[in-house]
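103 is the number of the first residue of the sequence shown in the numbering used here; add one for each residue after it. Where is the CB? At the ideal position from N, CA and C, for every residue including glycine.
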Amino acid sequence: MHLASGSTKLLRAFRGKSARSFASLANLETMPKASVSKLSNGMRVASEPCAGDTVTVGVWVDTGSRYETEENNGVAHFLEHMFFKGTKNRTQSALEMEIENMGGHLNAYTSREQTVFFARVFKQDMGKALEILADILQNSNFDPDYIDREKSTILREMQEVEGQVEEVVFDRLHETAYRGTSLGRTILGPVENINAMNREMIKDYVDTHYTANRMVVVGAGAIDHDELVKLADKNFGSVAPESKGKSPTFEKAVYTGSEIRMRYDDMPEAHIAYALPIGGWTDPDTFPFLVMQNMIGNWDEHIPGGQFSRIPLIQKSADLRMAKKISAFCTQYSDTGLFGVYAVAEPMALDDLMYNVQGTITDLAYDTDETLLEQAKKSLIIQTLSMMDGSTQICEELGRQMLSYGRRMHPVETVARIQAVDSAAIKAAASKYLYDQCHALAAIGPTHEMKDYVQMRRGTYRLDC
Numbered sequence: 103m104h105l106a107s108g109s110t111k112l113l114r115a116f117r118g119k120s121a122r123s124f125a126s127l128a129n130l131e132t133m134p135k136a137s138v139s140k141l142s143n144g145m146r147v148a149s150e151p152c153a154g155d156t157v158t159v160g161v162w163v164d165t166g167s168r169y170e171t172e173e174n175n176g177v178a179h180f181l182e183h184m185f186f187k188g189t190k191n192r193t194q195s196a197l198e199m200e201i202e203n204m205g206g207h208l209n210a211y212t213s214r215e216q217t218v219f220f221a222r223v224f225k226q227d228m229g230k231a232l233e234i235l236a237d238i239l240q241n242s243n244f245d246p247d248y249i250d251r252e253k254s255t256i257l258r259e260m261q262e263v264e265g266q267v268e269e270v271v272f273d274r275l276h277e278t279a280y281r282g283t284s285l286g287r288t289i290l291g292p293v294e295n296i297n298a299m300n301r302e303m304i305k306d307y308v309d310t311h312y313t314a315n316r317m318v319v320v321g322a323g324a325i326d327h328d329e330l331v332k333l334a335d336k337n338f339g340s341v342a343p344e345s346k347g348k349s350p351t352f353e354k355a356v357y358t359g360s361e362i363r364m365r366y367d368d369m370p371e372a373h374i375a376y377a378l379p380i381g382g383w384t385d386p387d388t389f390p391f392l393v394m395q396n397m398i399g400n401w402d403e404h405i406p407g408g409q410f411s412r413i414p415l416i417q418k419s420a421d422l423r424m425a426k427k428i429s430a431f432c433t434q435y436s437d438t439g440l441f442g443v444y445a446v447a448e449p450m451a452l453d454d455l456m457y458n459v460q461g462t463i464t465d466l467a468y469d470t471d472e473t474l475l476e477q478a479k480k481s482l483i484i485q486t487l488s489m490m491d492g493s494t495q496i497c498e499e500l501g502r503q504m505l506s507y508g509r510r511m512h513p514v515e516t517v518a519r520i521q522a523v524d525s526a527a528i529k530a531a532a533s534k535y536l537y538d539q540c541h542a543l544a545a546i547g548p549t550h551e552m553k554d555y556v557q558m559r560r561g562t563y564r565l566d567c
């Protein structure tokens with residue numbers, strides 16, 4: 103069942119059996135629906151109303167580090183910084199003062215596949231906020247002097263990231279899982295690319311990727327859709343429909359079962375990310391894997407009561423001091439994804455830890471604890487509904503879904519898809535993607551007690567059935 107399109111049969115099922123079992127969610131169908139329009143240049147405009155006096159408006163761009171080459175890796179993130187350094191109409195200080203005078207909040211971030219710019223303001227300032235976003239995205243100066251100054255800022259940011267072991271582990275996980283491809287590169291890029299960054303590289307990237315067919319204007323809060331469409335047309339109607347020059351770079355994802363181990367015996371703990379390949383956002387098994395993520399769960403030693411958890415991996419980690427932190431993850435992109443566990447543990451516990459991590463994931467293809475499954479589904483529903491709390495969260499989810507699915511998935515459908523996940527769906531998805539597959543692993547720290555790759559590969563299947 104493709105996630106890019108709805109399912110009438112699924113919704114009917116929810117209104118029947120599933121809706122009765124979740125009586126407290128009966129008001130889901132009364133929740134506002136998103137409205138989507140398209141400008142004459144092909145740019146989409148999406149909005150969703152919610153209670154309050156504030157509005158979050160933004161621009162979601164279908165670009166990120168995955169759309170870079172080895173030579174310009176890091177330009178998408180560098181560009182995000184440069185958009186706030188002044189335009190033909192505003193200096194950097196004038197831009198900052200204008201946002202402050204509105205009592206607003208302007209932010210941006212870059213991921214591997216999406217770049218986002220958004221502002222949260224009072225509803226009467228929506229037009230001004232959208233005009234500011236249009237100005238920085240279309241009229242930025244990209245002054246060479248500012249570019250040179252920003253290099254040192256980004257290099258300091260790289261040093262800060264390198265000091266966060268969890269961030270480094272997941273970068274290394276992508277590097278080994280997607281080695282030799284754009285998904286394996288970091289978002290910040292290498293030092294040599296940052297030092298070589300210039301105005302021509304930045305302008306070329308903007309002209310190629312910041313086109314109407316790759317951008318979505320998104321709004322949420324105390325908002326009128328028709329007004330947003332008019333403002334979007336006024337401010338973004340002149341954006342080129344598509345790139346007139348070269349086409350955006352997009353490398354196909356190629357997964358490689360492999361590992362990167364960075365052994366540092368002077369570290370007190372090892373940080374490990376263990377993963378297996380799954381499908382992308384629109385894969386039919388997306389919701390079974392999101393449920394599985396909640397079945398494995400998240401825990402660290404500062405959370406009391408772990409030894410009483412129904413989740414076996416958490417219970418053993420707490421009771422036997424097998425790990426200090428356990429966190430299941432489900433990272434997905436347009437055509438691929440990684441499902442696995444991130445863990446932190448002392449060196450002498452690593453052998454037991456990885457045995458249990460692999461066993462937990464492999465067992466999903468064999469056995470399903472029905473009680474744990476229902477708990478995981480309820481937890482996922484709560485997480486889903488929490489993303490409806492406030493204009494900024496709604497705006498972010500709406501923008502992400504417009505780029506990922508091409509549409510907004512209403513909470514009724516989302517809950518229905520979660521409720522439709524049963525033990526058969528879990529076993530089918532786990533058997534297809536997790537059972538007897540080559541894993542990807544990244545580990546940093548005192549890793550000497552971990553088995554080698556070939557030995558660990560045997561942990562992806564069982565011989566006792």
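Would the beta-carbon of residue i fall within 8 Å of that of residue j?
i, j, result
"Tyr535", "Pro386", "no"
"Gln417", "Gly408", "yes"
"Thr464", "Gly321", "no"
"Arg44", "Leu290", "Since the first residue shown for the chain is 103 and the last is 567, residue 44 is missing from the structure and cannot be characterised."
"Val177", "Tyr312", "no"
"Val446", "Glu371", "yes"
"Ala451", "Arg412", "no"
"Phe219", "Leu235", "yes"
"Gly44", "Leu141", "Residue numbering for the chain in the displayed model covers 103 to 567; residue 44 lies beyond these limits and cannot be assessed."
"Thr470", "Ile405", "no"
"Tyr507", "Asp538", "no"
"Thr217", "Glu172", "no"
"Lys336", "Ile296", "no"
"Thr156", "Ser493", "yes"
"Ala136", "Leu505", "no"
"Phe180", "Ile304", "yes"
"Arg192", "Asp237", "yes"
"Ala314", "Val341", "yes"
"Gln434", "Met558", "no"
"Leu392", "Leu482", "yes"
"Val514", "Leu105", "no"
Kindly indicate the opening and closing residues of the beta strand (DSSP E) around residue i.
i, result
"Thr388", "No beta strand (DSSP E) holds Thr388; the alpha helix (DSSP H) holding it covers Thr388 to Ile398."
"Leu565", "Taken as a continuous stretch (DSSP letters only), Leu565 belongs to no beta strand (DSSP E), as it is neither H nor E."
"Ala342", "Where Ala342 is concerned, there is no enclosing beta strand (DSSP E), given that its DSSP letter is neither H nor E."
"Gly501", "Per DSSP, Gly501 belongs to no beta strand (DSSP E); it is in the alpha helix (DSSP H), Ser493 to Ser506."
"Leu314", "It is worth fixing the name first, because residue 314 is Ala in this sequence and not Leu. From DSSP, Ala314 is part of no beta strand (DSSP E); its letter is neither H nor E."
In three-state terms, what does DSSP make of residue i?
i, result
"Gln434", "strand"
"Arg559", "helix"
"Tyr468", "coil"
"Lys426", "coil"
"Tyr457", "helix"
"Ser123", "Reliability of the predicted coordinates at Ser123 is poor, the pLDDT of 47 falling under 50, and the value obtained from them is presented with this limitation in mind. In this structure, Ser123 counts as helix in the three-state DSSP scheme."
"Ala522", "coil"
"Met552", "coil"
"Phe441", "strand"
"Met511", "coil"
"Ile484", "helix"
"Met369", "coil"
"Ile405", "coil"
"Ile362", "strand"
"Leu105", "coil"
"Arg117", "For Arg117, the predicted structure reports a pLDDT of 49, less than 50, and the residue's modelled location is therefore unreliable. A value from the coordinates is still provided. Residue state, collapsed to three classes: helix."
"Leu378", "strand"
"Thr473", "helix"
"Met199", "helix"
"Asn209", "strand"
"Val331", "helix"
"Val446", "strand"
"Ile528", "helix"
"Thr516", "helix"
"Thr351", "coil"
"Thr132", "helix"
"Thr576", "A question about residue 576 goes unanswered here, because the residues of the chain that appear run from 103 up to 567."
The alpha helix (DSSP H) spanning residue i covers which residue range?
i, result
"Tyr307", "Arg301 to His311"
"Ala542", "Careful: Ala542 lies outside any alpha helix (DSSP H), inside the beta strand (DSSP E) at Ala542 to Gly547."
"Val293", "Val293 to Ala298"
"Ala420", "Pro414 to Asp421"
Check: Which full runs of the alpha helix (DSSP H) of 4+ residues lie inside the stretch 135-184, going along the chain?
Finding: Listed in chain order, they are 177-184.
Item checked: Segments assigned beta strand (DSSP E), at least 3 residues, entirely inside the stretch 211-291 -> Taking 3 residues as the minimum length, the beta strand (DSSP E) runs contained wholly in the stretch 211-291 are 217-224, in order along the chain.
Check: Given 8 Å as the limit, is there contact between the stretch 267-278 and the stretch 190-207, that is, 3 or more CB pairs closer than that?
Finding: Between the stretch 267-278 and the stretch 190-207, the count of C-beta pairs closer than 8 Å stays below three; the two stretches do not touch.
Next item on the list: Would you check if the stretch 446-456 and the stretch 473-481 touch, i.e. whether three or more CB-CB distances between them fall below 8 Å?
Entry: Flag = no, the stretch 473-481 and the stretch 446-456 do not touch.
Note to self: For the pair the stretch 315-331 and the stretch 146-155, tell me if three or more CB-CB distances fall below 8 Å.
What the structure shows: Enough Cβ pairs lie closer than 8 Å, so yes.
Item checked: Touch test, the stretch 181-200 against the stretch 358-369, Cβ-Cβ under 8 Å, three pairs minimum -> Fewer than three Cβ pairs drawn from the stretch 181-200 and the stretch 358-369 lie within less than 8 Å of each other, which leaves the two stretches out of contact.
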